[in-house]
Amino acid sequence: MPHGVGSTDDNGNTFASRVWLAWHALPRNEKGRPPRQVQLERDHGIGQGTFSRLFSGYIKAVEPATLAKMAQALATDPVWLVSGRGTPPTPTGIVPPMPGTLYVDRRTEVAEPYPNRGVAASIAQAGGVADAAIQSVLEESLELPEDPPALWWIDRMRVRELTLKSQARSVRFADSTPTPRSRVARAVGD
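With this note's numbering applied, the sequence shown corresponds to residues 2 to 191, in that order.
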(Lines of atoms letter the chains of each structure in order from A and count residues from 1; the text may use other names and numbers.)
(Lines give C-alpha, C1' and ligand atoms only; values in the text may rest on other atoms or scores of the structure.)
Protein backbone atom coordinates (compact mmCIF):
# COMPACT_ATOMS: atom_id res chain seq x y z
CA MET A 1 0.00 0.00 0.00
CA PRO A 2 1.36 3.40 -0.79
CA HIS A 3 2.35 5.62 2.12
CA GLY A 4 1.85 3.01 4.78
CA VAL A 5 1.46 -0.59 5.79
CA GLY A 6 -1.74 -2.55 6.20
CA SER A 7 -3.55 -5.10 4.09
CA THR A 8 -6.47 -7.45 3.81
CA ASP A 9 -5.60 -11.08 4.61
CA ASP A 10 -6.82 -14.27 2.92
CA ASN A 11 -9.89 -14.39 5.19
CA GLY A 12 -11.00 -10.89 4.23
CA ASN A 13 -9.92 -9.34 7.54
CA THR A 14 -8.55 -5.84 7.18
CA PHE A 15 -5.69 -4.17 9.00
CA ALA A 16 -8.30 -2.16 10.95
CA SER A 17 -10.22 -5.30 11.98
CA ARG A 18 -7.01 -6.92 13.24
CA VAL A 19 -6.17 -3.79 15.26
CA TRP A 20 -9.76 -3.89 16.63
CA LEU A 21 -9.32 -7.53 17.71
CA ALA A 22 -5.91 -6.85 19.28
CA TRP A 23 -7.35 -3.90 21.20
CA HIS A 24 -10.07 -6.19 22.61
CA ALA A 25 -7.41 -8.72 23.63
CA LEU A 26 -5.78 -6.26 26.04
CA PRO A 27 -6.49 -6.59 29.77
CA ARG A 28 -9.87 -5.10 30.74
CA ASN A 29 -10.52 -2.55 33.45
CA GLU A 30 -12.86 -3.13 36.40
CA LYS A 31 -15.85 -2.34 34.17
CA GLY A 32 -14.78 -4.95 31.62
CA ARG A 33 -13.61 -2.49 28.97
CA PRO A 34 -10.34 -2.46 27.05
CA PRO A 35 -7.98 0.47 27.66
CA ARG A 36 -9.03 3.82 26.25
CA GLN A 37 -7.67 4.39 22.75
CA VAL A 38 -6.53 7.92 23.58
CA GLN A 39 -4.53 6.60 26.55
CA LEU A 40 -2.80 3.98 24.37
CA GLU A 41 -1.96 6.70 21.85
CA ARG A 42 -0.49 8.97 24.55
CA ASP A 43 1.44 6.20 26.31
CA HIS A 44 3.04 4.91 23.12
CA GLY A 45 3.59 8.07 21.08
CA ILE A 46 0.92 7.27 18.48
CA GLY A 47 -0.72 10.23 16.78
CA GLN A 48 -3.91 11.44 18.45
CA GLY A 49 -7.01 9.90 16.87
CA THR A 50 -5.11 7.24 14.90
CA PHE A 51 -7.20 4.38 16.26
CA SER A 52 -10.54 6.09 15.69
CA ARG A 53 -9.57 7.20 12.16
CA LEU A 54 -8.50 3.64 11.38
CA PHE A 55 -11.72 2.14 12.78
CA SER A 56 -13.89 4.68 10.96
CA GLY A 57 -12.19 3.94 7.64
CA TYR A 58 -10.71 7.41 7.29
CA ILE A 59 -7.26 5.83 7.03
CA LYS A 60 -6.50 2.33 5.75
CA ALA A 61 -2.80 2.06 6.59
CA VAL A 62 -0.12 3.55 8.83
CA GLU A 63 3.55 4.35 8.50
CA PRO A 64 5.99 1.60 9.56
CA ALA A 65 7.09 3.57 12.64
CA THR A 66 3.45 3.93 13.73
CA LEU A 67 2.87 0.23 13.10
CA ALA A 68 5.71 -0.64 15.49
CA LYS A 69 4.22 1.63 18.17
CA MET A 70 0.75 0.18 17.63
CA ALA A 71 2.04 -3.39 17.90
CA GLN A 72 3.76 -2.48 21.16
CA ALA A 73 0.65 -0.70 22.51
CA LEU A 74 -1.53 -3.66 21.55
CA ALA A 75 0.99 -6.26 22.81
CA THR A 76 0.87 -8.16 19.54
CA ASP A 77 3.06 -9.17 16.62
CA PRO A 78 3.41 -6.43 13.96
CA VAL A 79 3.54 -9.08 11.22
CA TRP A 80 0.13 -10.38 12.31
CA LEU A 81 -1.24 -6.83 12.45
CA VAL A 82 -0.13 -6.09 8.89
CA SER A 83 -0.80 -9.40 7.17
CA GLY A 84 -2.92 -11.61 9.40
CA ARG A 85 -0.19 -14.28 9.28
CA GLY A 86 0.52 -15.91 12.61
CA THR A 87 -1.54 -16.42 15.71
CA PRO A 88 -4.10 -13.75 16.56
CA PRO A 89 -4.38 -12.57 20.15
CA THR A 90 -7.12 -14.02 22.34
CA PRO A 91 -9.86 -11.55 23.26
CA THR A 92 -10.32 -10.89 26.97
CA GLY A 93 -14.06 -10.25 26.65
CA ILE A 94 -16.67 -9.84 23.98
CA VAL A 95 -15.50 -8.29 20.75
CA PRO A 96 -18.30 -6.15 19.40
CA PRO A 97 -18.38 -5.55 15.67
CA MET A 98 -16.21 -2.70 14.55
CA PRO A 99 -18.34 0.42 13.95
CA GLY A 100 -19.58 0.65 10.39
CA THR A 101 -18.94 -3.00 9.57
CA LEU A 102 -21.11 -6.03 9.22
CA TYR A 103 -20.95 -8.40 12.16
CA VAL A 104 -20.04 -11.90 11.05
CA ASP A 105 -20.72 -14.66 13.53
CA ARG A 106 -17.48 -16.66 13.37
CA ARG A 107 -19.28 -19.81 14.52
CA THR A 108 -21.63 -19.82 11.54
CA GLU A 109 -19.90 -17.39 9.13
CA VAL A 110 -23.25 -15.68 8.55
CA ALA A 111 -23.21 -11.94 7.95
CA GLU A 112 -25.11 -9.86 10.49
CA PRO A 113 -28.51 -9.04 9.01
CA TYR A 114 -28.78 -6.00 11.30
CA PRO A 115 -25.62 -3.86 11.05
CA ASN A 116 -26.97 -1.28 13.51
CA ARG A 117 -26.93 -4.02 16.15
CA GLY A 118 -23.13 -4.13 15.90
CA VAL A 119 -22.81 -0.38 16.15
CA ALA A 120 -25.13 -0.43 19.16
CA ALA A 121 -22.99 -3.12 20.83
CA SER A 122 -19.93 -0.87 20.62
CA ILE A 123 -21.84 2.11 22.01
CA ALA A 124 -23.49 0.05 24.77
CA GLN A 125 -20.15 -1.41 25.84
CA ALA A 126 -18.58 2.05 25.97
CA GLY A 127 -21.61 3.18 28.01
CA GLY A 128 -21.05 0.49 30.62
CA VAL A 129 -23.77 -2.02 29.67
CA ALA A 130 -22.82 -5.47 30.97
CA ASP A 131 -21.06 -7.74 28.47
CA ALA A 132 -23.50 -10.57 29.23
CA ALA A 133 -26.46 -8.40 28.20
CA ILE A 134 -24.75 -7.26 25.00
CA GLN A 135 -23.71 -10.79 24.10
CA SER A 136 -27.23 -12.05 24.75
CA VAL A 137 -28.75 -9.53 22.34
CA LEU A 138 -26.02 -10.17 19.74
CA GLU A 139 -26.83 -13.88 19.84
CA GLU A 140 -30.59 -13.42 19.47
CA SER A 141 -32.12 -14.68 16.28
CA LEU A 142 -34.80 -12.25 15.20
CA GLU A 143 -36.80 -11.79 12.05
CA LEU A 144 -37.40 -8.09 11.62
CA PRO A 145 -38.46 -6.49 8.32
CA GLU A 146 -35.60 -3.98 8.48
CA ASP A 147 -32.67 -3.01 10.65
CA PRO A 148 -33.92 -0.90 13.58
CA PRO A 149 -31.84 2.16 14.51
CA ALA A 150 -28.88 1.73 16.85
CA LEU A 151 -30.79 3.39 19.72
CA TRP A 152 -33.46 0.67 19.51
CA TRP A 153 -30.75 -1.97 19.91
CA ILE A 154 -29.09 -0.08 22.78
CA ASP A 155 -32.44 0.10 24.60
CA ARG A 156 -32.86 -3.64 24.04
CA MET A 157 -29.38 -4.27 25.54
CA ARG A 158 -30.15 -2.06 28.55
CA VAL A 159 -33.47 -3.83 29.15
CA ARG A 160 -31.70 -7.20 28.89
CA GLU A 161 -29.15 -5.99 31.44
CA LEU A 162 -31.95 -5.02 33.85
CA THR A 163 -33.64 -8.38 33.27
CA LEU A 164 -30.41 -10.28 33.99
CA LYS A 165 -29.81 -8.22 37.16
CA SER A 166 -33.39 -8.81 38.31
CA GLN A 167 -33.06 -12.55 37.71
CA ALA A 168 -29.80 -12.63 39.67
CA ARG A 169 -31.45 -10.77 42.59
CA SER A 170 -34.41 -13.18 42.52
CA VAL A 171 -32.08 -16.16 42.73
CA ARG A 172 -30.12 -14.61 45.62
CA PHE A 173 -33.38 -13.72 47.41
CA ALA A 174 -34.83 -17.19 46.90
CA ASP A 175 -31.64 -18.75 48.28
CA SER A 176 -31.69 -16.53 51.39
CA THR A 177 -35.43 -16.62 52.18
CA PRO A 178 -36.03 -18.80 55.23
CA THR A 179 -38.59 -21.56 54.98
CA PRO A 180 -41.67 -21.36 57.26
CA ARG A 181 -40.31 -24.22 59.41
CA SER A 182 -37.03 -22.41 60.09
CA ARG A 183 -38.93 -19.21 61.05
CA VAL A 184 -40.92 -21.20 63.58
CA ALA A 185 -37.80 -22.93 64.87
CA ARG A 186 -36.11 -19.54 65.39
CA ALA A 187 -39.15 -18.19 67.21
CA VAL A 188 -39.08 -21.05 69.72
CA GLY A 189 -35.34 -20.78 70.21
CA ASP A 190 -34.21 -23.88 68.29
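Idealized CB from N, CA, C, for every residue including glycine.
Is it buried or exposed for Val130, if we count other Cβ within 10 angstroms and need 16 for buried?
To locate residue 130, count along the sequence shown from 1; it is residue 129. Buried: at least 16 other Cβ atoms inside 10 Å.
I need the straight-line Cα distance from Val63 to Pro89, nearest angstrom please.
Reading the sequence shown from its first residue, position 62 is the one you call residue 63. Reading the sequence shown from its first residue, position 88 is the one you call residue 89. Take the alpha-carbon of Val63 and the one of Pro89: they are about 19 Å apart.
Quick one: what's got a C-beta closer than 8 Å to Arg54's C-beta in the same chain, skipping five residues either side?
One-based indexing of the sequence shown puts residue 54 at position 53. Correct list, in chain order: Ile60.
Using 8 Å as the cut-off, can you tell me whether the segment 68-77 makes contact with the segment 20-30, which would need three or more C-beta pairs spanning the two stretches below that distance?
Result yes; three or more Cβ-Cβ pairs closer than 8 Å.
Give the range of the alpha helix (DSSP H) segment to which Leu139 is assigned.
Counting from 1 along the sequence shown, the entry for residue 139 is found at position 138. Here the alpha helix (DSSP H) through Leu139 covers Asp132 to Leu139.
Using the three-state DSSP reduction, which class does Thr93 fall into: helix, strand or coil?
For the purposes of this step, residue 93 is identified with residue 92 of the sequence shown, where counting begins at 1. Correct three-state label for Thr93: coil.
Same chain, Cβ closer than 8 Å to Leu75, neighbours up to 5 away in sequence not counted:
Reading the sequence shown from its first residue, position 74 is the one you call residue 75. Excluding sequence neighbours, Leu75 sits near Val20, Ala23, Trp24, Ala26, Leu27, Leu41, Leu82 and Pro90.
Return the first residue and the last residue of the alpha helix (DSSP H) that His45 is part of.
Along the sequence shown, one-based indexing puts residue 45 at 44. Where His45 is concerned, the enclosing alpha helix (DSSP H) stretches over Gln38 to His45.
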